[in-house]
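Taking it in order: structure first as structure tokens, then the write-up.
Number of protein chains: 2
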Amino acid sequence: MRESDLLAHIYARSADLGSLYPRVLVGPGDDCAVLDAGGGPPLLLKVDQVVAGRHFEPFPRTPMDLIGRKSIARAVSDVAAMGGTPMVALAAAAIPDALFGRADHLFDAMHRWARHWGCPLIGGDISSTPGPLTIAVTIVGTPHHARGPVLRSGARPGDLVCVTGRLGGAVDAATSGGRHLTFEPRLAEARALCDTLGGRLHALMDLSDGLGIDASRMADASRCRITIDAAAIPRAPGVSGWREAAGAGEDYELLFTLDPDCTPPPACPGTSTTITVIGRVLEPAPGPACAILDAGTEHDGSSLGWDHARPGPTP
Amino acid sequence: MRESDLLAHIYARSADLGSLYPRVLVGPGDDCAVLDAGGGPPLLLKVDQVVAGRHFEPFPRTPMDLIGRKSIARAVSDVAAMGGTPMVALAAAAIPDALFGRADHLFDAMHRWARHWGCPLIGGDISSTPGPLTIAVTIVGTPHHARGPVLRSGARPGDLVCVTGRLGGAVDAATSGGRHLTFEPRLAEARALCDTLGGRLHALMDLSDGLGIDASRMADASRCRITIDAAAIPRAPGVSGWREAAGAGEDYELLFTLDPDCTPPPACPGTSTTITVIGRVLEPAPGPACAILDAGTEHDGSSLGWDHARPGPTP
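Each protein sequence line maps, in turn, to chains A and B.
Each residue of the first sequence is one higher than the one before, counting from 108 in our numbering.
Each residue of the second sequence is one higher than the one before, counting from 108 in our numbering.
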């Protein structure tokens, strides 16, 4: 079973959520769930996890500070990906016996970074494990006060497709270090887009698995197609080709679509983070949900990026 | 470092939460955190995790249905332990490659049990892992509408100390099966106690690590002492002595204290779950936070139960 098959199974099982549980405004499938908690603004809810050897090289090759940082930053990025603001965080850590003596350093790092992004740790759970260090972080946030939650399903035919920053090269091939450990979640950028564009910001998500596969997910969620100009994809320094930029993953930049009447500014207002128009949203049609056009040849975006497939024997 | 040392470190670091973040009504240290989410009733927030080989025997010795059940039930029990009602759940699962083909069965079990207890799964994260199956479940709940959240820190000198049900024997020594996989979180019982006792229900928590250590935690949180009559501890069938009843853990029964004017009913109203008075809350004094008295000899409760200590080398 591929991850995408499992997710399809989960989404199908969750299709009745809205009708059975009217407080659930958005269920599985977007960057965050959205909950009407009764009386106040809706809440954004997200859980994300990191596993040593999968999301970072085990300690001490990755310092505790960067392990804690990434565990928080990934979930914060998902709140940014709804245009929201993090409010509080909870963490569950399964800690190998050999690292238990360092667990206070890990907590201190998570504590500091959670507060850095405005979402103090207010609860957690600790377990020992015979396996790798595994950290699950849950964040509760609030959507933009005026725009509300910006879903990945809001793209409309004709929209401009944009990304922030420059893609690719987030994981250093030689050291496994790099930007994936130190990225800054695009909270300010997403907020600025909501502030200035309001309802003309149609769809938003963050890029974690790679532009190709993530844009395919946005197109599927929006029941339309996305076409991307390979030459327009902004590349991080040292990234030689569009395939690496579209497929390497771990960028944690924003992918968003805008009403075609918009003229996107060169950078997110109030920040130095660039905005690049890379494509268009099209009407639904047979073929790939996201097509990347390179010198007249169409490539299926869904083949570029990480599907966490782990085909294995079924015991 | 013992788990208790790490928790003390975390609580000390979190002491400024309430002053810096006034929305955080209760931080780390109780069964759930309590958050003022703005406008509506406060929210209960809890994350808990299970690790194969630690909290259950690995699949297939434990069926997927019971793995999923326990992963949800443990977090639900913490909501019951505040007198609350679960509303929604999120789950992060790190799945060994060899089990990925069964991941849909695991999801289905979690999906079914989460809805059984009123908190549908609305979000999650999936990762592969080279280690054991690890599942972290976050639950958002609401406190009792009239009583509000019942903290473990509310015990007062003079209070009666009570437990629901019968303790010990939750993990079958021969098969590692048993009640710890099939327990029913005491949601209805806790709600009934809040309904009928209101403000005379002073303190409440669930018993996960063992009566001795958990009562010690309640006494510490309440800045008082608890004394328990060993002979009064209700024992599950097959549990021969009070030590096993007080130290075996995984009971998921309720421990609570009542105003001394109360006459506790023999069972939680509307249920068949028994209530037993097992001790008293005392003024603070030197000595163990919880003392269990057996035939005139005082035993330190904190030595009975699970401290998830995993002393190991510090690399």
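All residues carry an ideal CB built from backbone N, CA and C; glycine is no exception.
Here the structure is a predicted model, which means the values were calculated and not measured.
Reduced DSSP secondary structure (H/G/I, E/B, other) of residue i
i, result
"B/F166", "coil"
"A/R109", "coil"
"A/D138", "coil"
"A/I174", "helix"
"B/G230", "strand"
"A/I117", "helix"
"A/I320", "helix"
"B/V346", "coil"
"B/M312", "strand"
"A/T421", "Any reading at A/T421 must be qualified, since the residue scores a pLDDT of 30, below 50, and its modelled position is unreliable; the value itself is stated next. Coil, per DSSP."
"B/L411", "coil"
"B/A416", "With a pLDDT of 44 at B/A416, under the threshold of 50, the predicted position of this residue should be treated as unreliable, though the coordinate-derived value follows. Coil at B/A416, not helix or strand."
"B/R67", "Since the first residue of chain B shown is 108 and the last is 422, residue 67 of chain B is not available in this structure."
"B/A326", "helix"
"B/D155", "strand"
"A/A398", "strand"
Cα-Cα separation, residue i to residue j
i, j, result
"B/W349", "B/A355", "10 Å"
"B/L304", "B/R254", "9 Å"
"B/L124", "A/M194", "12 Å"
"B/A216", "A/I117", "12 Å"
"B/S121", "A/D368", "48 Å"
"A/I233", "B/P203", "20 Å"
"B/S283", "B/E164", "7 Å"
"A/S347", "A/I382", "20 Å"
"A/R324", "B/R109", "44 Å"
"A/P167", "A/A210", "13 Å"
"B/R417", "A/A299", "Here B/R417 scores only 37 on pLDDT, less than 50, and its place in the model is too uncertain to base an answer on."
"B/I320", "B/G408", "6 Å"
"B/A159", "A/P372", "51 Å"
"A/Y128", "B/R219", "14 Å"
"B/S111", "A/V257", "42 Å"
"A/R330", "A/L132", "19 Å"
"A/W238", "B/G238", "The question names Trp, yet the displayed sequence has Gly at residue 238 of chain A. Going from the Cα of A/G238 to the Cα of B/G238 covers about 4 Å."
"B/G136", "B/V384", "25 Å"
"A/I174", "A/T404", "40 Å"
"B/P376", "A/P170", "53 Å"
"B/C280", "B/S315", "Reading the sequence as shown, one finds Ala at residue 280 of chain B and not Cys. Rounded to whole angstroms, B/A280 to B/S315 spans 17 Å at the Cα level."
"A/L411", "B/G145", "42 Å"
"A/H162", "B/W224", "33 Å"
"A/A396", "A/A353", "15 Å"
Residue i vs residue j beta-carbon contact at 8 Å
i, j, result
"A/D185", "A/D313", "yes"
"B/A188", "B/L361", "yes"
"B/R222", "B/L274", "no"
"B/L311", "B/K177", "no"
"A/G190", "A/H251", "yes"
"B/C139", "B/V183", "no"
"A/D266", "A/D336", "no"
"B/E390", "B/P264", "yes"
"B/G230", "A/V388", "no"
"B/F290", "B/A180", "yes"
"A/A243", "B/A199", "yes"
"B/S247", "B/L150", "Note on residue identity: the sequence assigns Val, not Ser, to residue 247 of chain B. Contact: yes."
"A/T249", "A/P344", "no"
"A/A196", "A/L228", "yes"
"B/I333", "B/V268", "yes"
"A/T380", "A/R293", "yes"
"B/T241", "A/T236", "yes"
Minimum Cβ-Cβ distance from residue i to chain C less than 8 Å
i, result
"A/V346", "Protein chains in the displayed structure are A and B, and chain C is not among them."
Quiz item: Listed in chain order, which residues of the segment 265 to 283 of chain A have Cβ atoms closer than 9 Å to some Cβ of chain B?
Solution: none
Practice problem: Could you list the residues in the segment 207 to 218 of chain A with a C-beta less than 8 Å from some C-beta on chain B, going in chain order? | Solution: F207, G208, R209, A210, D211, F214, D215, H218
Quiz prompt | the segment 142 to 155 of chain A: positions lying closer than 8 Å to chain B by Cβ | solution = L142, A144, G145, G146, G147, P148, L150, L152, K153, V154, D155
Exercise. Note down, in chain order, all residues in the segment 231 to 258 of chain A with a beta-carbon under 8 Å from any beta-carbon belonging to chain B.
Key: G231, D232, I233, S234, S235, T236, P237, G238, P239, T241, A243, T245, V247, T249
Quiz item: Taking Cβ-Cβ distances below 7 Å as the criterion, which residues of the segment 300 to 317 of chain A are in contact with chain B?
Solution: none
Self-check item: Complete alpha helix (DSSP H) runs within the segment 233 to 294 of chain A (minimum length 4 residues, chain order)
Solution: 286 to 289
Practice problem: Any chance you could list the alpha helix (DSSP H) runs of at least 4 consecutive residues sitting entirely within the segment 344 to 389 of chain B, in chain order? | Solution: 349 to 354
Exercise. Could you please tell me which residues of the segment 161 to 175 of chain A, in chain order, have their CB closer than 7 Å to any CB of chain B?
Key: R161, P167
Exercise. Taking only runs that begin and end inside the segment 173 to 227 of chain B, name each unbroken alpha helix (DSSP H) of 4 or more residues, in chain order.
Key: 210 to 223
Quiz item: What residues from the segment 318 to 334 of chain A come within 8 Å of chain B, judged by C-beta to C-beta, listed N to C?
Solution: none
Quiz item: Going along the chain, which residues of the segment 119 to 130 of chain A sit with their C-beta nearer than 8 Å to a C-beta in chain B?
Solution: R120, S121, L124, L127, Y128, R130
Exercise. Taking a Cβ distance cut-off of 9 Å, strictly less, list which residues of the segment 185 to 205 of chain A are near chain B, in chain order.
Key: M194, V195, L197, A198, A199, A200, A201, I202, P203, D204, A205
Practice problem: Output, in sequence order along the chain, the residues in the segment 355 to 370 of chain B whose CB is closer than 8 Å to any CB in chain A. | Solution: none
Practice problem: Using a Cβ-Cβ cut-off of less than 9 Å, list which residues of the segment 285 to 300 of chain A approach chain B; keep chain order. | Solution: none
Quiz item: What residues in the segment 397 to 408 of chain A bring their beta carbon closer than 9 Å to a beta carbon of chain B?
Solution: none
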